[in-house]
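Accompanying notes for the structure given below.
Numbering (our numbering), first residue to last: 61 to 192.
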């Protein structure tokens, strides 16, 4: 399952409106599977947490993500970047960010059809969005 910055942020920030949905889902899925985290989403969540919650919170989250056995970090190479650029340039009529397109490229490359996200763009992409 692809993991998105919106879901990670909801887990980290107790004041986030999706916190009460995100946290139990994360714990439940982690017992049975691995979340796929691209370096693009890692960049996005580190920046967001640092800006909103501070350096300490960002460093703590970064360490947890990098050391978790429930997170598989996927570093993009040339092939993945080309696929991301293709999607980004093809779907300019959508509100999809470059990072959203990177997540879709990763999902397609690995045959993944599920995403842990609160971003409605992932439904537009044809992925099954959790939690429902």
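Glycine included, each C-beta is placed from N, C-alpha and C at the ideal position.
Assigned exposure category for residue i - 16 Cβ within 10 Å defines buried
i           : result
residue 69  : buried
residue 180 : exposed
residue 187 : buried
residue 135 : exposed
residue 103 : exposed
residue 111 : exposed
residue 119 : exposed
Extent of the continuous beta strand (DSSP E) run through residue i
i           : result
residue 133 : 131-134
residue 164 : Taken as a continuous stretch (DSSP letters only), residue 164 belongs to no beta strand (DSSP E), being part of the alpha helix (DSSP H) at 158-170.
residue 98  : 95-98
Within 8 Å, strictly: CB atoms of residue i and residue j
i           : j           : result
residue 98  : residue 183 : no
residue 61  : residue 176 : yes
residue 130 : residue 82  : no
residue 143 : residue 101 : no
residue 96  : residue 132 : yes
residue 174 : residue 190 : yes
residue 71  : residue 109 : no
residue 161 : residue 170 : no
residue 178 : residue 67  : yes
Boundaries of the alpha helix (DSSP H) in which residue i is found, first to last residue
i           : result
residue 148 : 138-150
residue 127 : 115-127
Residues that DSSP places opposite residue i in a beta bridge
i           : result
residue 188 : 174
residue 62  : 96 and 175
DSSP-derived helix/strand/coil call for residue i
i           : result
residue 180 : coil
residue 112 : helix
residue 84  : helix
residue 103 : helix
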